[in-house]
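Accompanying notes for the structure given below.
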Amino acid sequence: MYGVGGGGFNASSTASGKRKNQEEDEEDEEEETGDGRVLEAWERAYADDRSWEALQEDESGLLRPIDTKNLVHSQYRRRLLLRSAAAAARIQKGLIRYLYIVIDLSRAASEMDYRPSRMAVVAKCAEAFIREFFDQNPLSHVGLVTIKDGISHRLTDIGGSPESQIMALMGKLECSGDSSLQNALELVHGYLNQIPSYGHKEVLLLYSALNTCDPGDIMETIEKCKKSKVRCSVIGLAAEIFICKHLCEETGGSYTVALDESHFKELLLEHAPPPPAIAEYAAANLIKMGFPQRGAEDLISICSCHKKVKSGAEGYICPRCKVNVCELPTECRTCGLTLVSSPHLARSYHHLFPVAPFDEVTFKLGQKGGQNCYGCQQSLINSASQSNLHVCCPKCKQHFCFDCDIYIHESLHNCPGCESQRSLP
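For the sequence shown, position 273 matches number 730 in our numbering, and the numbering has no gaps at all.
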């Protein structure tokens with residue numbers, strides 16, 4: 458080190474500083490293309506993955522499809538372990554949920570950091586979420602609300618049909634104006650405030666904007682939702698916003714921000730299983746339900762849902778007032794009786810008694826037993842390698858492939874090995 462006057466000059470520190478600057482320049486160059494253009498976030502994701510290196514050719518020289526089974530299964534296992542931990546803690550959950558999905562269609566939703574745009578990604582993932590929601594919650598109801606031009610619009614009435622909700626959403630995909638969080642909360646609060654006490658009132662906001670243009674004090678609206686026991690959750694597509702975080706903290710919901718499309722879908726699907734019920738909101742109630750039957754084929758009646766003339770075979774007859782309804786589950790428009798089918802009621806209890814998570818095991822060549830999947834009977838041996846990862850039921854010790862593992866826990870909700878042993882004398 459050399460001293461000059463009152464100051465000091467450190468040659469080693471200067472050299473290290475130059476190296477840091479060079480490293481920073483190299484990192485900047487890596488984020489730019491050959492023509493000097495900075496890569497977008499979605500482009501860097503594809504460049505980092507280097508998915509083209511996973512391409513393989515078969516015997517005829519054609520490209521083999523990329524196997525994404527392990528990635529899908531790892532994401533599923535993460536959700537399964539979270540649900541099993543909640544079930545082991547004996548957390549009370551609600552069987553009947555009334556959920557409004559609020560979709561931000563302001564000009565921020567037209568941004569192209571998600572390909573092809575935020576709006577397209579949200580619509581695609583919302584469709585998958587609605588189907589998964591009704592599969593996990595057969596007795597629950599969903600409604601759609603959009604925000605554009607500073608105004609909130611209700612796309613659909615709250616109901617139990619996934620197809621009608623998806624059709625209404627796909628027909629209204631237009632972005633414009635600013636976003637107003639307060640107007641959306643005021644709108645859904647007015648509808649959810651009419652829900653009976655046995656229903657769990659929830660709002661899920663898919664928010665793209667970084668601000669909110671509100672006509673009044675949004676803190677009063679948040680306090681109103683809190684008093685009405687409305688659980689509000691937000692998934693952001695841009696960055697964390699204080700008002701969204703405050704809303705979720707006050708109402709008992711969750712606030713997350715998506716990193717990319719796959720992360721957004723994963724965060725969205727986490728809201729499909731019933732969330733834990735808040736202690737002061739979880740009140741036990743007896744609910745009157747009717748089990749309608751299909752009408753006779755020669756019966757002609759007016760549907761109480763759409764006010765259209767339909768034959769008896771196209772609908773169900775309310776056991777109390779004998780009116781025709783199109784789909785189940787629903788609430789009779791005439792007498793107010795909750796109408797469900799027996800499979801809906803039976804399937805709604807699967808999250809109370811879930812199948813235990815299977816253990817991941819590795820089968821090695823030469824090992825006896827467990828060579829075929831107990832569910833689909835396909836071989837668990839991978840000819841390309843010496844071992845193959847699969848799962849094993851901790852109770853019956855039967856081996857299953859990844860596809861059967863997902864099917865058992867997501868759709869069947871029963872272990873075939875355990876059920877077969879139970880049926881033996």
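Quick reminder that beta carbons are idealized off the backbone N, C-alpha and C, glycines included. All values reported here derive from a predicted model rather than from experimental measurement.
Nonlocal neighbours in the same chain, by C-beta distance under 8 Å from residue i, ignoring five residues either side
i	result
GLU631	LEU562 and LYS605
LEU726	ARG536, ALA585, PHE586 and GLU589
GLU788	LEU794, THR795 and LEU796
VAL461	With a pLDDT of 35 at VAL461, under the threshold of 50, the modelled position of that residue is not reliable, and no figure is offered here.
Opposing strand residues paired with residue i [DSSP bridges]
i	result
GLN750	ILE774
GLY616	VAL599
ILE857	One point to set straight first is that residue 857 is Phe, not Ile, in the sequence displayed. BP columns for PHE857 point to VAL848.
ILE692	LEU663 and THR713
SER733	First, the residue type needs correcting, since residue 733 is Pro and not Ser in the sequence shown. Partner(s): LYS550.
ASN871	DSSP, once it has assigned bridges, lists no residue as partnering ASN871.
SER805	DSSP output for SER805 lists no bridge partner at all.
VAL812	Per DSSP, none; premise fails for VAL812.
ILE604	ASP561 and SER609
LYS767	SER758
Status (buried if at least 16 other CB within 10 Å, exposed otherwise) for residue i
i	result
GLN855	buried
ALA803	exposed
ASP671	buried
TYR773	buried
GLN639	buried
THR819	exposed
GLU817	exposed
LYS886	Limits of the chain in this structure are 458 at one end and 882 at the other, which puts residue 886 out of reach.
SER597	buried
GLN750	exposed
GLU620	exposed
ASP485	A caution first: ASP485 carries a pLDDT of 44, below 50, which makes its placement in the model unreliable, though a value can still be read off. That one is exposed.
LEU785	buried
GLU488	At GLU488 the pLDDT is 45, less than 50, meaning the model places this residue with poor confidence; the figure from the coordinates comes in the next sentence. Its Cβ having fewer than 16 others within 10 Å, GLU488 is exposed.
PHE810	exposed
GLU659	buried
ALA696	exposed
ASP862	buried
MET676	exposed
MET569	exposed
PRO731	buried
Start and end residues, beta strand (DSSP E) containing residue i
i	result
VAL797	VAL797 -> no beta strand (DSSP E), and no H or E assigned at all.
LYS658	657 to 664
LEU556	554 to 561
SER758	757 to 759
For residue i, the first and last residue of its enclosing alpha helix (DSSP H)
i	result
LYS681	675 to 684
GLY647	638 to 649
ARG790	Here ARG790 belongs to no alpha helix (DSSP H), and DSSP marks it neither H nor E.
CYS582	575 to 593
ILE700	699 to 708
SER609	Counting along the chain, SER609 falls outside any alpha helix (DSSP H), though it belongs to the beta strand (DSSP E) covering 608 to 611.
LEU724	718 to 726
C-beta contact flag for residue i and residue j at 8 Å
i	j	result
LYS681	HIS646	yes
THR678	GLU643	yes
VAL797	PHE748	yes
CYS582	PHE721	yes
VAL599	ILE558	yes
HIS657	ALA729	no
ALA566	VAL579	yes
ASN781	LYS767	yes
CYS833	ARG790	no
Own chain partners of residue i with C-beta closer than 7 Å, once the 5 adjacent residues on each side are dropped
i	result
LEU612	LEU601, VAL602, THR603, ALA625, LEU626 and LYS629
CYS792	CYS775, ARG777 and CYS778
LEU552	LEU596 and SER805
CYS830	LEU837, HIS856, PHE857, CYS858 and CYS861
Same chain only: Cβ atoms within 6 Å of residue i, ignoring 5 sequence neighbours per side
i	result
GLY693	TYR664 and VAL714
GLY607	GLY634, ASP635, SER637 and CYS670
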